[in-house]
Amino acid sequence: MRRIHLYFIILVISFPFLASFETNPYNPKLHAIYQSPEGILFKSFSTEWNQEKLIDLYHELVKNKHGNELKQLRAVEVIGTTLDDSFSKGSYDYLNKTIKLYQGDQYQEPSQYQETLSHEYGHHFAYHYFPSHHLPLSKWQKIRNLNLLDLRWDAFWNYQDKYHAIYPQEVFADDYVLLYGATKEVDPKDVETNEAFYLRTEHENQQISNVLENSSLHSLLEEETGIEIDQSRLLHMPTFSNYKDAELSFTIKPKINIAYRLNLTLNDSKGNTFNYESYQIHRDESEDELIFHLEDLLKENLSNYEWLSASIDVIDLDTSIGFETEEWKMDIEDI
């Protein structure tokens, strides 16, 4: 226990120095600047970004639900180059309370940074209201139902891109995106082309519990920040209900304008694998069941196969928020 306490103390003491570590030397030439009504400085270090685009970027920023913490944000910088040759589009500087957006020479429209801006603002939001969220055993970590051993707590001195999804800071920032971030509508025509599912707004860490269903966390966030979560954006995971008469059924929470994609995999006795997809869009608010008729999908009898597995992709067409469920596996003989 003393060793754990010592670990916490080291984290707390070293945090300000570690958070200020900057490894990306970029051309400091300023091409444009804009100061928002809140006093936030929007700076362009890219020849592709003028003041008009910075103003539009400000309007993208304030689409994210916010409170008094917005006034504490000092700057948003658009940098033309990459961050240390990575594909990252953004970062947040805690000490300087600055959001940095990278690859500005390539991404020339403010709307192309919508989700990145939401995520990086999520870091600002997190450190303002929950400054200890990056530490083990924080109140947030407990209510979020995060297992200590499933996360990495060394981002400030041992950051690696491959662990991005399991740093607590990144979990919180993605939570913010889903609960408070800017949203966009999805064209129903993009469902069956799969574009809607590929481009949806989702949590990077799909192994942890669905933050949109965590009512205890919602209460904590609202109490600490005074900012309400819009209940209409909440989305629940479908759960497997039954298989009967070649019908796969799932229990869902009734909600309109939700698109579902069944991902079905069948395996035969020879080891061959066959993949199928089926789509549904629910328009009726009273629907609490999702049913897929497999014989209509397959045009043959399931007895030709040994086992099946299925998962459901979900997207809210009003917000672009979504996720994929866990995979369910069944032996055909046991059905």
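Counting in the working numbering, the sequence shown runs without a single skipped number right up to 351 at its last residue.
We put the beta carbon where it would ideally sit given N, CA and C, even for glycine.
Fair warning: this is a prediction, and the values are worked out from it, not measured in the lab.
Straight-line Cα distance separating residue j from residue i
{"i": "SER148", "j": "GLN157", "result": "10 Å"}
{"i": "GLU211", "j": "VAL193", "result": "20 Å"}
{"i": "SER285", "j": "HIS219", "result": "37 Å"}
{"i": "LYS271", "j": "PRO254", "result": "12 Å"}
{"i": "TYR259", "j": "ILE182", "result": "35 Å"}
{"i": "GLU85", "j": "GLY106", "result": "19 Å"}
{"i": "LEU236", "j": "ASN288", "result": "49 Å"}
{"i": "TRP65", "j": "THR98", "result": "15 Å"}
{"i": "THR335", "j": "ASP203", "result": "11 Å"}
{"i": "MET346", "j": "PHE266", "result": "14 Å"}
{"i": "GLU305", "j": "ILE337", "result": "20 Å"}
{"i": "LYS315", "j": "LEU250", "result": "36 Å"}
{"i": "LYS200", "j": "ILE49", "result": "27 Å"}
{"i": "PHE339", "j": "GLU131", "result": "15 Å"}
{"i": "PHE59", "j": "LEU153", "result": "Residue identity check: residue 59 is Lys in the sequence provided, not Phe. Those two C-alpha atoms are separated by around 37 Å."}
{"i": "ASP166", "j": "HIS180", "result": "12 Å"}
{"i": "ASP177", "j": "LEU313", "result": "40 Å"}
{"i": "GLN67", "j": "ILE307", "result": "52 Å"}
{"i": "SER231", "j": "ALA171", "result": "28 Å"}
{"i": "HIS139", "j": "GLU311", "result": "48 Å"}
{"i": "VAL92", "j": "LYS155", "result": "29 Å"}
{"i": "ASP261", "j": "SER104", "result": "48 Å"}
{"i": "PHE141", "j": "GLN119", "result": "24 Å"}
Contact set for residue i: own chain, Cβ-Cβ below 8 Å, skip 5 residues either direction
{"i": "ILE348", "result": "LEU318, SER319, TYR321, GLU322, TRP323 and LEU324"}
{"i": "HIS75", "result": "PRO126"}
{"i": "TRP344", "result": "PHE256, SER325, ALA326 and SER327"}
{"i": "TYR83", "result": "Strictly speaking, residue 83 in this sequence is Gly, with Tyr absent from that position. Within the same chain, GLY83 has close Cβ partners THR241, GLY242 and ILE243."}
{"i": "THR63", "result": "HIS47, GLY96 and ASP121"}
Nearest-angstrom Cβ-Cβ length linking residue i and residue j, presumed shorter than 8 Å
{"i": "PHE61", "j": "LEU46", "result": "6 Å"}
{"i": "PRO184", "j": "TRP173", "result": "Actually they are not in contact, since the Cβ atoms of PRO184 and TRP173 sit about 15 Å apart, beyond 8 Å."}
{"i": "HIS309", "j": "GLU263", "result": "6 Å"}
{"i": "ILE274", "j": "ASP332", "result": "6 Å"}
{"i": "GLU238", "j": "HIS252", "result": "Actually they are not in contact, since the Cβ atoms of GLU238 and HIS252 sit about 19 Å apart, beyond 8 Å."}
{"i": "ILE224", "j": "LEU164", "result": "Actually they are not in contact, since the Cβ atoms of ILE224 and LEU164 sit about 12 Å apart, beyond 8 Å."}
Beta-carbon proximity list for residue i, same chain, < 6 Å, skipping 5 on both sides
{"i": "ARG160", "result": "LEU233"}
{"i": "ILE245", "result": "LEU195 and HIS234"}
{"i": "LEU282", "result": "PHE290, TYR321 and LEU324"}
{"i": "TYR145", "result": "GLU240 and THR241"}
{"i": "GLY197", "result": "ASN80 and SER134"}
{"i": "GLU136", "result": "GLY106, TYR108 and ILE115"}
{"i": "ASP191", "result": "VAL227"}
{"i": "LEU280", "result": "TYR292 and ALA326"}
{"i": "TYR295", "result": "VAL207, GLU208 and ARG277"}
{"i": "GLU186", "result": "HIS180"}
{"i": "ARG216", "result": "ILE331, SER336 and GLY338"}
{"i": "SER30", "result": "Residue confidence is low: SER30 scores 45 on pLDDT, short of 50, so the model does not pin down where it sits. Its coordinate-derived value is still stated next. Around SER30: no qualifying Cβ."}
{"i": "TYR129", "result": "LEU117"}
{"i": "SER52", "result": "TYR74"}
{"i": "VAL94", "result": "SER60, SER62, TRP65, LEU117 and GLY120"}
Cut-off 7 Å between Cβ atoms - residues of its own chain near residue i, not counting five sequence neighbours on either side
{"i": "LYS69", "result": "PRO126"}
{"i": "GLU54", "result": "LEU86 and LYS87"}
{"i": "TYR143", "result": "TYR110"}
From the options, residue whose alpha carbon lies closest to that of residue i
{"i": "LYS87", "options": "PHE103, ILE297 and LYS113", "result": "LYS113"}
{"i": "GLU301", "options": "TYR292, SER248, GLU342 and GLU316", "result": "SER248"}
{"i": "LYS269", "options": "GLU316, ASP121, GLU303 and TYR276", "result": "GLU303"}
{"i": "GLN222", "options": "THR341, PRO53 and ASP261", "result": "THR341"}
{"i": "LEU1", "options": "GLN176, PHE188, GLU131 and GLY338", "result": "There is no way to answer for residue 1, as the model of the chain reaches only from 17 to 351."}
{"i": "ILE56", "options": "LEU89, ILE71 and LEU73", "result": "LEU89"}
{"i": "PHE213", "options": "GLN51, ASP329, VAL92 and SER52", "result": "ASP329"}
{"i": "GLN124", "options": "SER104, GLU186, ASP72 and ALA142", "result": "ASP72"}
{"i": "SER102", "options": "LEU117, ALA91 and GLU93", "result": "LEU117"}
{"i": "TYR407", "options": "ASP100, TYR143 and ASP261", "result": "Here the chain covers residues 17 to 351 and nothing more, so residue 407 does not appear."}
The ligand GDP heavy atom lying under 7 Å from the CB of residue i
{"i": "ILE297", "result": "As far as ligands go, the structure on display features none, and thus does not contain the ligand GDP."}
Kindly provide the ranges of any beta strand (DSSP E) runs that are 3 or more residues long and lie completely inside the region 47-86, ordered along the chain.
Fully enclosed beta strand (DSSP E) runs of 3 or longer: 48-51 and 57-61.
Secondary structure, beta strand (DSSP E): runs of 3+ residues fully inside the region 269-308
274-283 and 289-298
4-residue-minimum alpha helix (DSSP H) runs that sit fully inside the region 151-176, ordered along the chain
155-159 and 171-174
In chain order, each alpha helix (DSSP H) run of at least 4 residues that lies wholly inside the region 310-342:
310-314
With a floor of 4 residues, list each alpha helix (DSSP H) that falls wholly inside the region 122-154, ordered by position along the chain.
Taking only runs of at least 4 residues, the alpha helix (DSSP H) segments lying wholly in the region 122-154 are 130-145.
Can you give, in chain order, each stretch of the alpha helix (DSSP H) that sits fully within the region 183-220 and has at least 4 residues?
Runs of the alpha helix (DSSP H) lying entirely within the region 183-220 and spanning at least 4 residues, in chain order: 184-196 and 211-214.
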